[in-house]
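Residues in the sequence shown are numbered consecutively from 0, following numbering that gives the first Met the number 0.
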Amino acid sequence: MVYCGKASQGCQNCRTRRIKCDKKRPECSQCIRVAKKCPGYRDQLSLMFRDESSKVIQKAHAQWGGSPLESSPASSSSSSSSGSSSPPAAIENDTPTFEITPANGLVARHDLRPLAVDKSISPNLDERGLQFYITRYLMNHPDAPVGPDGSVIYIPQNDVVQNVMIAVGLAGLGNLGSDKQLTTLSRQRYTMSLRETSSLITSTPRTDAATVGSVIRSIVTLALYEVVHGSGTRASAGTANVHINGAVALLRSVLPLSHLPDGGTRVVLQVLFSLFIPSQMTEAPLAPAFFECLKVCQDNLEGSPERVCVDLAMTIARLVQLSSILVKQRLSDESIEVEAHMRQLLALRAACDRLEKRLWETYPYAVKQIDSLPAIAVYHDTYHAYTEIWSARIWNHFRWARILILEILLRLSDDFPILGSRSVPVADRIDLLATIKRMSTDLLVSTPSHWHHPVLDKPTAKMMEAPSKGGTGAVGLPTLLWHLKVAACAQGVEDEAYDWVYNVMQVVWKDMGMQHARLIAGFMDEHKIGLEKEALNRILKLEEDDDY
Numbered sequence: 000m001v002y003c004g005k006a007s008q009g010c011q012n013c014r015t016r017r018i019k020c021d022k023k024r025p026e027c028s029q030c031i032r033v034a035k036k037c038p039g040y041r042d043q044l045s046l047m048f049r050d051e052s053s054k055v056i057q058k059a060h061a062q063w064g065g066s067p068l069e070s071s072p073a074s075s076s077s078s079s080s081s082g083s084s085s086p087p088a089a090i091e092n093d094t095p096t097f098e099i100t101p102a103n104g105l106v107a108r109h110d111l112r113p114l115a116v117d118k119s120i121s122p123n124l125d126e127r128g129l130q131f132y133i134t135r136y137l138m139n140h141p142d143a144p145v146g147p148d149g150s151v152i153y154i155p156q157n158d159v160v161q162n163v164m165i166a167v168g169l170a171g172l173g174n175l176g177s178d179k180q181l182t183t184l185s186r187q188r189y190t191m192s193l194r195e196t197s198s199l200i201t202s203t204p205r206t207d208a209a210t211v212g213s214v215i216r217s218i219v220t221l222a223l224y225e226v227v228h229g230s231g232t233r234a235s236a237g238t239a240n241v242h243i244n245g246a247v248a249l250l251r252s253v254l255p256l257s258h259l260p261d262g263g264t265r266v267v268l269q270v271l272f273s274l275f276i277p278s279q280m281t282e283a284p285l286a287p288a289f290f291e292c293l294k295v296c297q298d299n300l301e302g303s304p305e306r307v308c309v310d311l312a313m314t315i316a317r318l319v320q321l322s323s324i325l326v327k328q329r330l331s332d333e334s335i336e337v338e339a340h341m342r343q344l345l346a347l348r349a350a351c352d353r354l355e356k357r358l359w360e361t362y363p364y365a366v367k368q369i370d371s372l373p374a375i376a377v378y379h380d381t382y383h384a385y386t387e388i389w390s391a392r393i394w395n396h397f398r399w400a401r402i403l404i405l406e407i408l409l410r411l412s413d414d415f416p417i418l419g420s421r422s423v424p425v426a427d428r429i430d431l432l433a434t435i436k437r438m439s440t441d442l443l444v445s446t447p448s449h450w451h452h453p454v455l456d457k458p459t460a461k462m463m464e465a466p467s468k469g470g471t472g473a474v475g476l477p478t479l480l481w482h483l484k485v486a487a488c489a490q491g492v493e494d495e496a497y498d499w500v501y502n503v504m505q506v507v508w509k510d511m512g513m514q515h516a517r518l519i520a521g522f523m524d525e526h527k528i529g530l531e532k533e534a535l536n537r538i539l540k541l542e543e544d545d546d547y
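1) Whole angstroms is fine: what's the gap from Met504's alpha carbon to Arg32's?
2) Please go through the same chain and pick out, in chain order, the residues whose beta-carbon is closer than 6 Å to the beta-carbon of Asp370, but skip the five residues on each side of it.
3) When DSSP builds the beta bridges, which residues end up paired with Tyr382?
4) I think Gln8 touches Lys23, with their Cβ atoms under 8 Å apart; what is that distance to the nearest whole Å?
5) Do Arg216 and Val160 have their C-beta atoms closer together than 7 Å?
6) Using 8 Å as the threshold, is the stretch 455–472 in touch with the stretch 488–496, meaning 3 or more CB pairs across them?
7) Determine, using beta carbons only, whether Pro477 and Val226 come nearer to each other than 7 Å.
8) Tell me the rounded alpha-carbon separation between Thr190 and Tyr224.
9) If you run the structure through DSSP and keep just helix, strand and coil, what is Ile218?
10) Could you compute how far the alpha carbon of Asp510 sits from the alpha carbon of Arg135?
11) The alpha helix (DSSP H) that contains Asn12, what's its start and end?
12) Compare the beta carbon distance of Ile519 and Leu480 with 7 Å and say whether it is the shorter of the two.
13) So what does DSSP say about Met513, is it helix, strand or coil?
14) Our contact map puts Ile429 next to Arg348 with C-beta atoms below 8 Å; I'd like the distance itself, whole angstroms only.
15) Please report how far the alpha carbon of Gly512 lies from the alpha carbon of Ala170, in whole angstroms.
16) Please tell me whether Ser192 and Asn162 are closer than 7 Å, where the distance is taken between their beta carbons.
17) Write down the C-beta distance between Gln490 and Leu442 rounded to the nearest angstrom, noting that I regard them as a contact closer than 8 Å.
18) Is the distance from the Cβ of Gln279 to the Cβ of Val319 below 7 Å?
19) For the stretch 404–446, list the alpha helix (DSSP H) runs that are entirely contained and at least 4 residues long, ordered along the chain.
20) Output needed for Tyr153: all residues of its chain with C-beta closer than 8 Å, excluding positions within five of it in sequence on either side, in chain order.
21) So is Arg17 buried or exposed if we call it buried at 16+ other beta carbons inside 10 Å?
22) Write down the C-beta distance between Ser448 and Tyr385 rounded to the nearest angstrom, noting that I regard them as a contact closer than 8 Å.
23) Can you give the Cα-Cα distance for Met463 and Ser334, rounded to whole angstroms?
24) Since Ala239 and Pro277 should fall inside the 8 Å C-beta cutoff, what is the C-beta to C-beta distance between them, to a whole number of angstroms?
25) Whether or not the stretch 418–426 and the stretch 338–355 are in contact is what I'm after, with contact meaning three or more pairs of Cβ atoms, one per stretch, closer than 8 Å; do they touch?
26) Rounding to the nearest angstrom, what Cα-Cα distance links Cys488 and Arg410 in this structure?
27) Could you check which residue in Cys10, Arg251, Arg41, Arg14 has the C-alpha nearest to that of Glu604?
28) How long is the line joining the alpha carbons of Leu285 and Leu358, rounded to whole angstroms?
29) Expressed to the nearest angstrom, what Euclidean distance is found between the alpha-carbon atoms of Ile243 and Ala34?
30) Report the CB separation of Ala376 from His482 in whole angstroms; it is logged as a contact under 8 Å.
31) Can you name, in chain order, every residue of its own chain whose Cβ lies under 7 Å from the Cβ of Cys37, other than the five neighbours on each side?
32) Distance check for His383 and Tyr415, CA to CA, integer angstroms please.
33) Could you have a look at Cys292 and say whether DSSP puts it in helix, strand or coil?
34) Look at the alpha carbon of Tyr40 and the alpha carbon of Thr15, and state the distance between them as a whole number of angstroms.
35) Take the Cβ of Leu175 as the centre, count every other Cβ of all protein chains shown within 10 Å, and call the residue buried at 16 or more, exposed below.
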């Protein structure tokens with residue numbers, strides 16, 4: 000739930016007069032003094048879900064020079080459903096420009112600036128938010144919705160889903176323009192969407208497949224709002240985790256989805272995989288519903304080569320659980336706990352070796368190279384040609400998890416050298432670092448399959464994208480960005496990879512207003528500073544040793 004800022008619990012009369020209310024019972028002293036009927040006080044729940052859209056819009060008009068009278072259409076539309084609104088006209092200057100330096104094809108960090116957003120208020124703020132969502136978060140992505148003829152189209156959504164889209168769009172617009180009014184309005188719309196989604200969950204029969212699908216889409220888009228609004232990476236991950244767990248619980252109550260050919264297995268697995276990163280970041284345990292849903296998927300895929308997806312999910316679940324334990328435990332060399340963790344990590348490493356072979360058999364892909372591609376958008380002029388977006392995502396989940404497993408194994412062997420030297424001998428260490436580098440490079444090379452860089456023309460972007468008919472747009476982008484961050488900051492990876500990923504984060508922020516990308520860039524800066532400090536400390540220690 001979103002707390003909408005500090006507000007008074009005083010009575011309406013005192014708030015209107017802008018004076019302090021003493022909130023005495025049964026009536027406040029201020030109302031008694033002026034002989035007015037005290038209307039009572041607001042409770043905490045009322046404060047959290049108060050609707051002040053009209054006030055926000057009036058303030059926006061005042062700031063931007065518009066007339067408050069002109070804002071009435073926007074105000075009424077903000078408090079009513081936007082489902083009947085026609086898609087808005089295109090925003091001018093929709094495609095940003097990027098400077099590519101001749102030397103290395105990368106955008107210099109200091110040259111990147113958020114796009115200037117036109118602050119002239121339109122008659123309908125909801126339409127501005129919806130349009131921004133459609134153009135930046137839905138249409139220009141490999142997983143954009145397509146019509147029967149294969150062309151990219153916007154398919155009108157259930158009112159509840161569309162309201163969440165508006166919230167995401169307004170949040171992105173507010174971020175790009177540093178516009179607190181639009182940001183606050185997006186939170187109002189988000190809060191409204193939470194209520195509407197909750198009501199829909201309560202009122203929808205579990206046999207109503209179409210409406211259940213809309214509820215799932217709404218919940219996933221609510222999680223997307225958290226990373227776009229981005230109050231903080233850990234805080235956003237925590238709230239997104241709550242949303243996705245809600246989707247998992249709902250799916251558990253309706254499985255199997257008989258109207259889908261695979262019983263909804265891919266839909267369920269996609270939601271389950273989206274839980275791993277927020278769970279790891281917040282050290283939150285995976286809920287029982289997660290494993291119950293995974294068991295249903297396992298039963299549905301029994302005997303199918305795609306059973307590898309379930310086994311991969313279980314391997315990552317073990318990694319997430321082990322990672323949360325390691326954060327909380329105080330360990331010492333040669334202890335039973337460290338030895339047990341080492342054994343578990345070695346088992347996970349072996350599981351990854353087996354999974355890679357099975358993934359190649361189930362989801363093969365081609366590696367292609369074209370010299371003329373812009374270096375800022377395509378790493379080392381190379382891209383992967385996948386058969387579908389599903390297999391591209393499964394491969395990236397595997398690469399990300401494998402990097403983490405091997406890095407934790409290396410870190411434990413460094414921290415506890417007695418056990419580490421036995422578990423990870425020198426030859427193994429070289430192999431681990433080589434595998435980390437290979438997985439990191441593959442993550443970067445796969446990027447055009449998942450995301451259209453704005454500098455690519457449409458035919459080139461289409462050529463490199465992974466085919467899809469899911470229609471979820473940018474919903475998978477936050478996961479991709481976190482995978483790229485892990486790859487760029489992995490042990491033994493070159494600065495070139497770091498710089499390339501850093502620029503991707505800046506471009507996503509600049510193009511979409513996704514706070515998640517900006518925060519990840521900040522994490523990368525901190526990581527770089529930490530490495531430089533470690534290197535300096537090692538040099539100082541060597542100099543001290545030489546003095547002796």
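C-beta atoms are modelled at their ideal positions from N, C-alpha and C, and glycine is treated no differently.
Here the structure is a predicted model, which is why all the values come from computation and not from measurement.
If we stick to the structure as given:
1) 59 Å
2) Asp380
3) Lys367
4) Not a contact, Cβ separation roughly 13 Å.
5) yes
6) no
7) yes
8) 11 Å
9) helix
10) 7 Å
11) 11–16
12) yes
13) coil
14) The Cβ separation is near 14 Å, so there is no contact.
15) 8 Å
16) yes
17) Contact doesn't hold; Cβ gap of about 14 Å is too wide.
18) yes
19) 416–422, 425–444
20) Pro86, Ile133, Leu137, Met138, Pro144
21) exposed
22) 6 Å
23) 50 Å
24) 5 Å
25) yes
26) 14 Å
27) The structure shown does not extend to residue 604, since the chain is modelled only from 0 through 547, so no value can be given for it.
28) 24 Å
29) 52 Å
30) Rounded, the Cβ-Cβ distance is 17 Å, inconsistent with contact.
31) Cys10, Asn12, Glu26, Cys27, Cys30
32) In the sequence as displayed, the identity of residue 415 is Phe instead of Tyr. Computed Cα separation, rounded: 39 Å.
33) helix
34) 13 Å
35) buried
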